[in-house]
Structures are given as C-alpha cells and as structure tokens.
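The structure appears below as structure tokens.
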Amino acid sequence: MGLLVLFLLRKKDFKGAFATLAFSGSLFVGSFIFAFSDPLQIFQDWRTSTHWHTGLPNVAKPDNQTFYGFFNRLFVDAKYSTPIFDYPTAPLLLMIPVVALAIYIFVYAVSEQKNVGDRGGPKTFLEIAITLALFMACGPFMEGDHVFVLLPGLFGALLLYFGSYDRRWLVASVLWLLAFANLFLPIGVNQFRPPYWPKLEGLMILRSLHYGLIFFVAAAYSGFVLHSDRMKGIHSTRVDGDDARADLEAEVSA
Amino acid sequence: MLPNRLMSEYFSTWRLNAFACVLGGVLILAGIGFCVRQILNTDGWPLGSDIAVYLHAASAVGNDQSPYSQAPGLDPYPYPPLFAEFINLITKVLGTGKGMLVWALSGLALLVASVAIMARAFSPKLPIGVVLLLGGIFTISHIARNETFHGQVKFGFLGGSRRGSLAARSQHRRRVSLVFCYRY
Numbered sequence: 052m053g054l055l056v057l058f059l060l061r062k063k064d065f066k067g068a069f070a071t072l073a074f075s076g077s078l079f080v081g082s083f084i085f086a087f088s089d090p091l092q093i094f095q096d097w098r099t100s101t102h103w104h105t106g107l108p109n110v111a112k113p114d115n116q117t118f119y120g121f122f123n124r125l126f127v128d129a130k131y132s133t134p135i136f137d138y139p140t141a142p143l144l145l146m147i148p149v150v151a152l153a154i155y156i157f158v159y160a161v162s163e164q165k166n167v168g169d170r171g172g173p174k175t176f177l178e179i180a181i182t183l184a185l186f187m188a189c190g191p192f193m194e195g196d197h198v199f200v201l202l203p204g205l206f207g208a209l210l211l212y213f214g215s216y217d218r219r220w221l222v223a224s225v226l227w228l229l230a231f232a233n234l235f236l237p238i239g240v241n242q243f244r245p246p247y248w249p250k251l252e253g254l255m256i257l258r259s260l261h262y263g264l265i266f267f268v269a270a271a272y273s274g275f276v277l278h279s280d281r282m283k284g285i286h287s288t289r290v291d292g293d294d295a296r297a298d299l300e301a302e303v304s305a
Numbered sequence: 015m016l017p018n019r020l021m022s023e024y025f026s027t028w029r030l031n032a033f034a035c036v037l038g039g040v041l042i043l044a045g046i047g048f049c050v051r052q053i054l055n056t057d058g059w060p061l062g063s064d065i066a067v068y069l070h071a072a073s074a075v076g077n078d079q080s081p082y083s084q085a086p087g088l089d090p091y092p093y094p095p096l097f098a099e100f101i102n103l104i105t106k107v108l109g110t111g112k113g114m115l116v117w118a119l120s121g122l123a124l125l126v127a128s129v130a131i132m133a134r135a136f137s138p139k140l141p142i143g144v145v146l147l148l149g150g151i152f153t154i155s156h157i158a159r160n161e162t163f164h165g166q167v168k169f170g171f172l173g174g175s176r177r178g179s180l181a182a183r184s185q186h187r188r189r190v191s192l193v194f195c196y197r198y
C-alpha cells in the first residue's frame, strides 16, 4: 500500500494519495480498535510478527528473491547459506546503493505528468508495475507467488508493443516474459523448494537472486523506454488515438 | 478494436482464435481441476497450508485473543487483523471446509478476471482467444496451484488493482482510491 501511495504522490495525485492513505489507515487502525479489548497489545503482537517475517533468519530463506535476502545469504550465517564471510552489517550497507538506484529509476521512469489518453491503461499498468517491481526486488521479502501482482508490467509492455510496433517494447515484453517464465510452467522447477532447501554455498548463492534481478532489469528497461518516449514527445500512439476516438464517440452518442 | 495489422499478422483467422479459445478453456478447466485435486489429495487440508495460519488467526479474533499467537508448527500470522476478521466471517457463513475451498478457488477466478481486464478493457484489445489462452497458461502454472492451495491474497491484490484500473478508466478518482486501498 505504501508503494501505491508513493506512486500517487509521484503522479502529483495528492487527493488520491491522501484518500488511499486515510481510508486504508482507517481500516488498519479500526481492525485493531474495534475488534479487541486490548488493541495496543495486539498492535505490539503485529509488530513482532512483522519483524519475524522481515527479519533474520526468515529473510535469508532461499526463496526470498530480493536483494536484501541475497545480501543476507552472502554475508550472514543464518542457517540457509554458508556466507562468503560473516559481516551482519554488510546487507544494510549494500542496500543503500541498491535502494538509491531503485529510487533513481522510479523517478526517471514514472512521469509526474498524466499519461495522455491512457486513462489507467497500458502506460499506467507499466508505471505501477515498475514501482512495485523495483521496490519489491529490493526487499525485504518477496517469494514466488508475490510476483503475480507484477503481471500488469507484462500486459503494459505487450499492449504498448501492439499499439506501436516499436521493437523496444518487444524487448521489454520479452524481459517481462522471461521474468515470469517460471510462473508459466505447469510444474515447479525452482531449484530451491521447501522443505528441501539446500544450504547454499559459493556460486549457488548467486543463483538465489535471479528472479528478483530480472524483474528489476525488466522494470528498469521499461522505465528507460517510457522515459525515452516522453523525451521524444510520443504521447499519442495508436493506443491513445483509439481511446480519444472512443471518448469522442461516447460524447456524440450521449 | 484491434489494429488491422495485429489482426492480420497475429490472429488472422477466426479459426486460430477459436482454437486458442478452446485450448485456453481446456487449460483453465485443467488448472482448476489440478488445484481441486491437490486440495482433495491432501489429508486434512487446509492443515499444512497457509490457510491453517489464517484459520488459527480467525479463530483467535473470534475469541478476542491475539491473532498473532503462534500455533505449533505454523508461521506467525503476517497481516493486519482485518483479514483474519474477514476469514472469520467466511467460516461463520459457509463453514470452515466449504468456506476455505470457496476462498481458495475464488482466487483463480480473480486471476482470470484480471487477465481479461488487462487484455480487453483497454486498447488495443487482445482477441478473446489470447485472453483465454493466457488465462489458461497462468491458471495451470504450478505457482497458481501453490497460491490456491495456500489460499493467499495475491490474486486479491492483482484483482483489486485491475478493478482500480477500470475505475481509473472511467475517471472516477474517488472510486480508484477506495478500490486500491480496499485491496492493499
């Protein structure tokens, strides 16, 4: 939810961001206040549970495909890997440039301007998926089925390709397809499947990042093409033209 | 309306579209079948799945206890209490077994609906055959089966965000915000 608010703020949709924050905040707080006789204690329990899920050793599980999980497997002895050396501060230090890069790509890719004629369509699909993919890949926790929420990235890239036949969108579509390739298969081929998680060593630790990394790359590349289109002033593709025509027809018929 | 070039180059004949419809439909049905089979073949389901965690939390919420009290062999409940309250409501209305089966399978329906929204609600519209084919590929994927078995909420997130896109299309900002935060 925080990432969506970040997205809305970037789009300068302050009313939308405030409404999202206020309504979800009310639901969140209300579910503590009205359901329990001791809401403060339940809130503390929620914090403890959240810390369990986003802290060690849980984040070092091999199916946590984030940079944060990866750095923990590399530098922390947390039963799921043999670290190259034990330095528990390293993951946090290494996350600084990764998060900085994610923020840079986010600002570069997601325009402050409204996407003309898009009306929540392909470009918005992509912008939201880029936001989610960049920061989900950072961490602290993203495992297999979490990537379903990134499907709009694939559809955004595909629709923009079919709307423009620009090869760069074909490349973006292929990158998203590769990122989802494991999801498409009828059988699981993850090398790290619970409860048979091997203790990762050496180069095997490097393999424990590939899903997160390719989503990061797909999001960054799509962001690059979106930005490049904006710089060229490509706001009016066939996609937008169709929408504009539909708007006009609707107005006429009304 | 699909661009002519797309129509001619990629889905030039109605036969190809019809074939994709049939294949996609078969894959969707097979995907649902595999999910049901996995659930029915697991003794004591939802024990051993994440749904057991949610049911434990829902039961605690119903008794004014902390949903975060960890049961032996289960991970701690990870979400705010609202979701546990929702699961509690479902189990009260439909019963535990039927309620959880409906909950788990409704995720697949949300997945296919999300694919349909993304592929058909905006231009260019992809052909129905492509929608069913993609829906089938996603439904039969091992990870969709895993998601359904565990009754997680990712399909709900996806479905909610796509419903939000539809609301954005109609430029009802307030509705967009409400839909987004309802799901997230």
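Protein chains in written order, with my numbering: chain Y, 52 to 305; chain C, 15 to 198. From the three backbone atoms N, C-alpha and C, an ideal C-beta is built for every residue, glycine too.
> For chain C, is any of its Cβ atoms less than 8 Å away from the one on Y:SER132?
Replying inline: Chain C contact via Cβ: absent.
>> Quick check: does the Cβ of C:LEU148 come within less than 7 Å of any heavy atom belonging to the ligand MG?
In response: This structure lacks the ligand MG; in fact it carries no ligand of any kind.
>> Assuming C:GLU99 is part of the alpha helix (DSSP H), what are its boundary residues?
In response: In the DSSP annotation of this structure, the continuous segment of the alpha helix (DSSP H) that includes C:GLU99 starts and ends at 95–108.
>> Could you tell me the alpha carbon to alpha carbon distance between C:GLU99 and C:TYR68, rounded to whole angstroms?
In response: If I take the Cα positions, the gap works out to 10 Å.
>> Closer than 8 Å between beta carbons: that is the criterion. Which residues of the stretch 108–120 of chain Y meet it against chain C?
In response: Close to chain C, meaning a Cβ-Cβ distance shorter than 8 Å, is no residue of the stretch 108–120 of chain Y at all.
>> Can you confirm whether the stretch 139–150 of chain Y touches the stretch 103–120 of chain Y when touching is taken to mean that 3 or more C-beta pairs between the two stretches lie within less than 8 Å?
In response: Of all C-beta pairs linking the stretch 103–120 of chain Y to the stretch 139–150 of chain Y, three or more are shorter than 8 Å, placing the two stretches in contact.
> At what residue ranges does the stretch 100–136 of chain Y contain a whole run of the alpha helix (DSSP H), taking only runs of 4 or more?
Replying inline: Listed in chain order, the complete alpha helix (DSSP H) runs (minimum 4 residues) inside the stretch 100–136 of chain Y are 118–126.
> Does the separation of the CB atoms of Y:ASP96 and C:TYR93 fall below 8 Å?
Replying inline: No; because the gap between Cβ atoms is not below 8 Å, this pair is not in contact.
>> Considering only the alpha carbon of each residue, which of Y:ALA180, Y:VAL110, Y:LEU152 and Y:GLY253 lies closest to Y:PRO191?
In response: Closest option to Y:PRO191, Cα to Cα, is Y:VAL110.
>> Bridge partners for Y:LEU251 per DSSP, in chain order?
In response: Per DSSP, Y:SER132.
> Does any CB atom of chain C fall closer than 8 Å to the CB of Y:ALA305?
Replying inline: At Y:ALA305 the pLDDT is 43, less than 50, meaning the model places this residue with poor confidence; the figure from the coordinates comes in the next sentence. Residue-level contact check: Y:ALA305 does not touch chain C, since none of the beta carbons of chain C fall below 8 Å from its beta carbon.
>> In whole angstroms, give me the CA-to-CA distance for C:GLN166 and C:LEU115.
In response: Straight-line Cα distance between these residues: approximately 12 Å.
> I think Y:PRO173 touches Y:LEU229, with their Cβ atoms under 8 Å apart; what is that distance to the nearest whole Å?
Replying inline: Their Cβ separation, rounded to whole angstroms, is 19 Å, which puts Y:PRO173 and Y:LEU229 out of contact at 8 Å.
> Looking only at C-alpha atoms, which of Y:THR71, Y:ASP196, Y:HIS102 and Y:TYR131 sits nearest to C:ASP64?
Replying inline: When the alpha-carbon of C:ASP64 is set against those of Y:THR71, Y:ASP196, Y:HIS102 and Y:TYR131, the nearest one is in Y:ASP196.
> Do you know whose CA, among Y:VAL268, Y:SER162, Y:LEU260 and Y:LYS250, lies nearest Y:PHE205's CA?
Replying inline: Per the sequence shown, residue 205 of chain Y should be read as Leu rather than Phe. The shortest C-alpha separation from Y:LEU205 is found at Y:VAL268.
> Starting from Y:TRP220 and walking both ways along the alpha helix (DSSP H), at which residues does that stretch end?
Replying inline: Run containing Y:TRP220: 218–235, per the alpha helix (DSSP H) assignment.
>> Given this structure, state the Cα-to-Cα distance separating Y:HIS261 from Y:VAL198, to the nearest angstrom.
In response: So the two alpha carbons sit approximately 13 Å from each other.
> Closer than 7 Å, Cβ to any Cβ of chain Y: which residues of the stretch 82–99 of chain C, in chain order?
Replying inline: The residues in question are TYR82, PRO90, TYR91, PRO92, PRO94, PRO95, LEU96 and GLU99.
> Which residue's Cα is closest to the Cα of C:ASN31: C:ILE142, C:GLY150, C:GLY149 and C:LYS106?
Replying inline: Among C:ILE142, C:GLY150, C:GLY149 and C:LYS106, the Cα nearest to that of C:ASN31 is on C:ILE142.
> When the Cα of C:SER128 is compared with those of C:PRO138, C:PHE152, C:ALA118 and C:GLY113, which residue comes out closest?
Replying inline: The option with the nearest alpha carbon to C:SER128 is C:PHE152.
>> By the DSSP assignment, the alpha helix (DSSP H) with C:LEU54 in it spans what residues?
In response: Start and end: 28–54.
>> Residues of chain Y with CB closer than 7 Å to the CB of C:ASP7, please, in chain order.
In response: Given a span of 15 to 198 for chain C in the structure shown, any question on residue 7 of chain C remains unanswerable.
> In or out: C:CYS195 buried (at least 16 other Cβ within 10 Å) or exposed?
Replying inline: Note that C:CYS195 has pLDDT 40, beneath the 50 cutoff, so the model's placement of it is unreliable and the number below is only indicative. Classification of C:CYS195: buried, given that the 10 Å Cβ count is 16 or more.
>> Excluding the 5 residues flanking Y:ALA305 on each side, which residues of the same chain have their C-beta closer than 6 Å to its C-beta?
In response: Bear in mind that the predicted position of Y:ALA305 carries a pLDDT of just 43, short of 50, making it too unreliable to give a figure here.
>> Quick check: is the beta carbon of Y:ASP96 nearer than 8 Å to any beta carbon in chain C?
In response: So yes, Y:ASP96 belongs to the interface.
> Can at least three beta-carbon pairs, one atom from the stretch 39–55 of chain C and one from the stretch 55–71 of chain Y, be found at a separation below 8 Å?
Replying inline: As far as the Cβ criterion goes, the stretch 39–55 of chain C does not touch the stretch 55–71 of chain Y, which means the pair count is below three.
> Relative to chain Y, which residues along the stretch 138–168 of chain C have a C-beta separation below 7 Å, given in chain order?
Replying inline: Correct list: PRO138, ILE151, ILE154, SER155, HIS156, ILE157, ASN160, GLU161, GLN166 and LYS168.
> Counting along the chain, where does the alpha helix (DSSP H) carrying Y:PRO173 start and finish?
Replying inline: From DSSP, the alpha helix (DSSP H) with Y:PRO173 extends over 173–189.
> Going by C-alpha distance, which of C:PRO90, C:ALA135, C:LEU124 and C:GLY149 is nearest C:LEU43?
Replying inline: Nearest in C-alpha terms to C:LEU43, of all of C:PRO90, C:ALA135, C:LEU124 and C:GLY149, is C:GLY149.
> Roughly how far, in whole angstroms, is the beta-carbon of C:VAL145 from the beta-carbon of C:ARG134, given that I think they are within contact range, below 8 Å?
Replying inline: For a cut-off of 8 Å, the C-beta gap from C:VAL145 to C:ARG134 is around 6 Å, short enough to register as a contact.
> Going straight from the alpha carbon of Y:VAL149 to that of C:CYS35, what length do you get?
Replying inline: Distance between Y:VAL149 and C:CYS35, taken at the CA atoms: about 43 Å.
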